[in-house]
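> Letter by letter, the sequence shown follows residues 69 to 443 in my numbering.
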Amino acid sequence: MESNAATQALSAQLMRGRLDVNVNDAVIAPDSLFGFAERRNPKRAFLFVSKVLGRHIPVRPSVMVASFESLAAEIPADLPGPVLVIGMAETAVGLGAGVHRAYSATRPDTVYMVSTRHPTGTELFTRFEEEHSHASAHLIHLPVDAQVREQMLNARSLVLVDDEASTGKTFINLHRALVDAGLDKVEQVVTCVLTDWSGGAVREALGDSVHQVSLLKGSYEFFEDTDAPLPDMPAVGTIAAGDWPVNADNDWGRLGVRSVADTLAPGLHVEPGEKILVVGTSEFVWRPFLLAERLERAGADVHFSSTSRSPIALGHAIEHALSFADNYGLGIANFLYNVRPGQFDRVLICSETPQQAVSAELLKTLNAQVIVDAK
Numbered sequence: 069m070e071s072n073a074a075t076q077a078l079s080a081q082l083m084r085g086r087l088d089v090n091v092n093d094a095v096i097a098p099d100s101l102f103g104f105a106e107r108r109n110p111k112r113a114f115l116f117v118s119k120v121l122g123r124h125i126p127v128r129p130s131v132m133v134a135s136f137e138s139l140a141a142e143i144p145a146d147l148p149g150p151v152l153v154i155g156m157a158e159t160a161v162g163l164g165a166g167v168h169r170a171y172s173a174t175r176p177d178t179v180y181m182v183s184t185r186h187p188t189g190t191e192l193f194t195r196f197e198e199e200h201s202h203a204s205a206h207l208i209h210l211p212v213d214a215q216v217r218e219q220m221l222n223a224r225s226l227v228l229v230d231d232e233a234s235t236g237k238t239f240i241n242l243h244r245a246l247v248d249a250g251l252d253k254v255e256q257v258v259t260c261v262l263t264d265w266s267g268g269a270v271r272e273a274l275g276d277s278v279h280q281v282s283l284l285k286g287s288y289e290f291f292e293d294t295d296a297p298l299p300d301m302p303a304v305g306t307i308a309a310g311d312w313p314v315n316a317d318n319d320w321g322r323l324g325v326r327s328v329a330d331t332l333a334p335g336l337h338v339e340p341g342e343k344i345l346v347v348g349t350s351e352f353v354w355r356p357f358l359l360a361e362r363l364e365r366a367g368a369d370v371h372f373s374s375t376s377r378s379p380i381a382l383g384h385a386i387e388h389a390l391s392f393a394d395n396y397g398l399g400i401a402n403f404l405y406n407v408r409p410g411q412f413d414r415v416l417i418c419s420e421t422p423q424q425a426v427s428a429e430l431l432k433t434l435n436a437q438v439i440v441d442a443k
């Protein structure tokens with residue numbers, strides 16, 4: 069992996085202060101990897117918005133795959149197995165799945181799981197907190213499949229995947245929760261992020277068994293304007309089951325998987341060059357991504373994005389925002405960023421809940437089609 073050793077200084081003036089960033093080591097140009105935005109969150113004002121993640125900015129699937137493979141290539145190949153890969157809800161569940169797919173191509177003893185904010189009705193293994201987040205509580209469920217459960221409980225290596233590490237504290241909280249819940253055979257820990265601002269904090273806290281993998285390393289300092297008003301943040305932190313609960317029998321990672329099949333809309337036809345947006349919903353992004361990847365290979369001009377609970381202010385990397393009711397019946401606001409009506413020839417919104425659960429307002433605004441996961 070080639071890197072750029074020259075330090076680059078970047079800055080963003082936000083409504084609640086100034087964010088100064090120093091990039092010390094980057095695989096690709098920082099302005100191709102991330103932008104800035106302002107959270108509607110009193111606990112933390114700033115946000116690094118990834119340009120390769122496919123969450124807040126639509127991204128071509130092939131660009132996303134390149135980031136999956138670049139990160140996986142940096143994970144030590146000789147980690148003691150079994151290896152448990154965990155993607156962090158909600159932003160990094162697709163990134164984690166992509167890293168797992170790339171890494172598991174070289175070895176069979178890997179399991180992928182996600183932290184989640186959606187209870188499945190099955191046994192809970194542990195929970196932990198992401199203290200600065202708009203939705204701080206994360207759940208980790210115990211796998212139902214006996215073989216997957218055995219691999220998870222006997223994991224000797226952890227690969228913890230998130231879009232970015234600001235302080236490393238969420239990784240430290242997750243590691244502690246897993247060990248306290250019974251993962252006592254862990255010998256090696258890998259943190260795997262697109263952008264790492266944590267300054268080696270996880271390794272400092274957990275010891276020399278930690279490897280920190282990223283596409284960019286740097287540091288930041290936020291100079292808060294204490295006179296600026298704090299924003300009102302929507303109540304999006306629930307971890308309850310909604311009117312349209314998730315189906316534990318149709319799992320893609322909450323209960324642990326070795327791989328996930330490409331099952332959405334198998335007969336969907338596209339025209340060469342047709343501009344298509346595939347949208348995942350909340351944590352349901354990996355099967356939608358597989359659909360987007362397939363349509364891109366078929367010759368369409370495809371971008372991928374996903375809805376989010378994350379309340380972000382307009383400005384900087386967030387040029388447009390749609391707000392609508394969530395598709396789980398939780399009564400919380402969801403958002404779709406940087407997608408304008410008429411921008412694409414076709415918009416496919418993929419859901420793990422029934423079609424009637426998807427916001428009719430969103431469908432009308434984007435003239436969108438719903439693709440339901442009915443595997």
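Cβ atoms here follow ideal geometry from the backbone N, Cα and C, with glycine treated the same way.
Looking only at DSSP bridge pairs, what is PHE196 linked to?
In the sequence shown, counting from the first residue as 1, residue 196 sits at position 128. Answer is HIS206.
> According to the Cβ coordinates, are CYS260 and VAL167 closer than 8 Å?
Walking along the sequence shown from the start, residue 260 turns up at place 192. Walking along the sequence shown from the start, residue 167 turns up at place 99. Yes. Within cutoff.
> If contact is defined by three or more beta carbon pairs under 8 Å, each pair taking one atom from either stretch, is the stretch 339-356 in contact with the stretch 215-224?
Result no; under three Cβ-Cβ pairs closer than 8 Å.
> Around the C-beta of ARG365, are 16 or more other C-beta atoms found within 10 angstroms, so that it is buried, or is it exposed?
Taking the sequence shown and counting its residues from 1, the one referred to as residue 365 is at position 297. Per the 10 Å Cβ criterion, exposed.
> Hey, how far is the Cα of GLU197 from the Cα of VAL325?
Taking the sequence shown and counting its residues from 1, one reaches residue 197 at position 129. Taking the sequence shown and counting its residues from 1, one reaches residue 325 at position 257. Roughly 23 Å separates the two Cα atoms.
> Give a yes or no on whether the C-beta atoms belonging to VAL182 and GLY321 are separated by under 8 Å.
By 1-based counting over the sequence shown, the position of residue 182 is 114. By 1-based counting over the sequence shown, the position of residue 321 is 253. In contact: VAL182 and GLY321 (Cβ atoms closer than 8 Å).
> Does DSSP put ARG244 in a helix, a strand or coil?
Counting from one through the sequence shown, the residue named residue 244 turns up at place 176. Looking at ARG244 - three-state DSSP - the assignment turns out to be helix.
> Closest to PRO126 by C-alpha separation, out of THR184, CYS418, GLU218, HIS371, would be which residue?
Here residue 126 is taken as the residue at index 58 of the sequence shown, counted from 1. Taking only the C-alpha atoms, the option nearest PRO126 is HIS371.
> Once you ignore the five residues that flank VAL131 on each side, which residues in its own chain have a CB closer than 8 Å to its CB?
Residue mapping note: residue 131 aligns to position 63 of the sequence shown, counting from 1. Cβ neighbours of VAL131 beyond the five flanking positions: VAL120.
> Put TYR405 into one of helix, strand or coil per three-state DSSP.
On the sequence shown, residue 405 is found 337 positions in, with the first residue counted as 1. Three-state DSSP puts TYR405 in a strand.
> Determine the closest residue to ILE307 out of GLU142, GLY399, GLY275, with distance taken between C-alpha atoms.
Counted from its first residue, the sequence shown places residue 307 at position 239. Among GLU142, GLY399, GLY275, the Cα nearest to that of ILE307 belongs to GLY399.
> Helix, strand or coil, according to DSSP, for VAL254 in the structure here?
Translated into the one-based positions of the sequence shown, residue 254 becomes position 186. VAL254 falls in the coil class under three-state DSSP.
> Could you check where the beta strand (DSSP E) with PRO414 kicks off and where it finishes?
Mapped onto the sequence shown, residue 414 falls at position 346. For the sequence presented, residue 414 should be read as Arg rather than Pro. Element bounds for ARG414: 414-419.
> Look at the alpha carbon of GLU339 and the alpha carbon of VAL415, and state the distance between them as a whole number of angstroms.
Stepping through the sequence shown from its first residue, residue 339 is reached at position 271. Stepping through the sequence shown from its first residue, residue 415 is reached at position 347. Near 14 Å, if we compare the C-alpha coordinates of VAL415 and GLU339.
> DSSP three-state label for GLU332, please.
Stepping through the sequence shown from its first residue, residue 332 is reached at position 264. The sequence given here places Leu at residue 332; Glu does not occur at that position. Coil, per DSSP.
> Look at TYR396 and THR375 and say whether their C-beta atoms are less than 8 Å apart.
Position 328 of the sequence shown, counting from 1, holds the residue named residue 396. Position 307 of the sequence shown, counting from 1, holds the residue named residue 375. No, the Cβ-Cβ distance between TYR396 and THR375 is not below 8 Å.
> Identify which residue in ARG123, THR194, VAL426 has its Cα closest to the Cα of LEU246.
Working through the sequence shown from its first residue, we reach residue 246 at position 178. Nearest of ARG123, THR194, VAL426 to LEU246, Cα basis: THR194.
> Report the three-state DSSP secondary structure of LEU152 (helix, strand or coil).
As a first step, residue 152 must be located in the sequence shown, where it is residue number 84. Of the three classes helix, strand and coil, the one that applies to LEU152 here is strand, per DSSP.
> Counting only the same chain and skipping the five closest in sequence on each side, list residues whose C-beta sits under 6 Å from that of LEU147.
Here residue 147 corresponds to residue number 79 of the sequence shown, with the count starting at 1. Only SER225, GLN256 meet the Cβ criterion.
> DSSP state of GLY166, grouped into three classes?
Along the sequence shown, read from residue 1 onward, the residue named residue 166 stands at position 98. Note: GLY166 maps to helix in three-state DSSP.
> Rounded to whole angstroms, what's the CA-CA distance from ARG217 to GLY189? Just pull it up for me.
Against the sequence shown, residue 217 aligns to sequence position 149. Against the sequence shown, residue 189 aligns to sequence position 121. Looking at the two C-alpha atoms, the distance is approximately 16 Å.
> With 16 other CB atoms within 10 Å as the buried threshold, where does GLN156 fall?
The count along the sequence shown starts at 1 and reaches residue 156 at position 88. Residue identity check: residue 156 is Met in the sequence provided, not Gln. Burial call: buried.
> Roughly how many whole angstroms lie between the Cα atoms of ASP177 and GLY149?
Along the sequence shown, one-based indexing puts residue 177 at 109. Along the sequence shown, one-based indexing puts residue 149 at 81. ASP177 and GLY149: Cα-Cα distance of roughly 6 Å.
> What span of residues does the beta strand (DSSP E) with VAL440 cover, start to end?
Position 372 of the sequence shown holds residue 440. Segment 437-440, the beta strand (DSSP E) holding VAL440.
> Starting from ASP230, follow its DSSP beta bridges and name the residues at the other end.
For the purposes of this step, residue 230 is taken as residue 162 along the sequence shown, with counting starting at 1. Answer is VAL261, bridged to ASP230.
> Between the C-alpha atoms of GLU158 and ARG128, what's the straight-line distance to the nearest angstrom?
The residue given as residue 158 occupies position 90 in the sequence shown. The residue given as residue 128 occupies position 60 in the sequence shown. Each residue's Cα considered, the two are about 20 Å apart.
> Assign ALA80 to buried or exposed, taking buried as 16 or more other Cβ atoms, counted over all protein chains shown, within 10 Å of its Cβ.
Along the sequence shown, read from residue 1 onward, the residue named residue 80 stands at position 12. The residue in question, ALA80, is buried, as its Cβ has 16 or more Cβ neighbours within 10 Å.
> Ignore the nearest five residues each way along the sequence and tell me which others in LEU404's own chain have a CB closer than 6 Å to its CB.
On the sequence shown, position 336 is the one that residue 404 refers to. Around LEU404: THR375, LEU390.
> Out of ASN92, SER118, GLU106, point me to the one whose CA is closest to SER100's CA.
Working through the sequence shown from its first residue, we reach residue 100 at position 32. Nearest of ASN92, SER118, GLU106 to SER100, Cα basis: SER118.
> Buried or exposed: where does GLU232 fall if 16 or more other Cβ atoms within 10 Å of its Cβ makes it buried?
Numbered from 1 along the sequence shown, position 164 holds the residue referred to as residue 232. Its Cβ being crowded by 16 or more others within 10 Å, GLU232 is buried.
> How would you call GLU361, buried or exposed, if buried means at least 16 neighbouring beta carbons within 10 angstroms?
Sequence index remark: in the sequence shown, residue 361 carries index 293 (1-based). Label assigned to GLU361: buried.
> Just grab the DSSP bridge partners of PHE136 for me.
The residue you call residue 136 lines up with position 68 of the sequence shown. Its beta-bridge partners do not exist; DSSP assigns none.
> Give me, in chain order, the residues of the same chain whose beta-carbon lies closer than 8 Å to that of ALA316; leave out the 5 immediate sequence neighbours on both sides.
Residue 316 sits at position 248 when you count from the first residue of the sequence shown. Excluding sequence neighbours, ALA316 sits near THR188, GLY189, THR190, VAL212, ARG322, LEU323.
> Since PHE116 is in the beta strand (DSSP E), which residue starts that stretch and which ends it?
Translated into positions along the sequence shown, residue 116 becomes position 48. Looking at the DSSP string, the run of the beta strand (DSSP E) that includes PHE116 is 114-118.
> Is VAL182 helix, strand or coil by DSSP?
Numbered from 1 along the sequence shown, position 114 holds the residue referred to as residue 182. Strand.
> Between which two residues does the beta strand (DSSP E) containing GLN446 stretch?
Coverage of the chain is limited to positions 69 through 443, which leaves residue 446 absent and any answer about it impossible.
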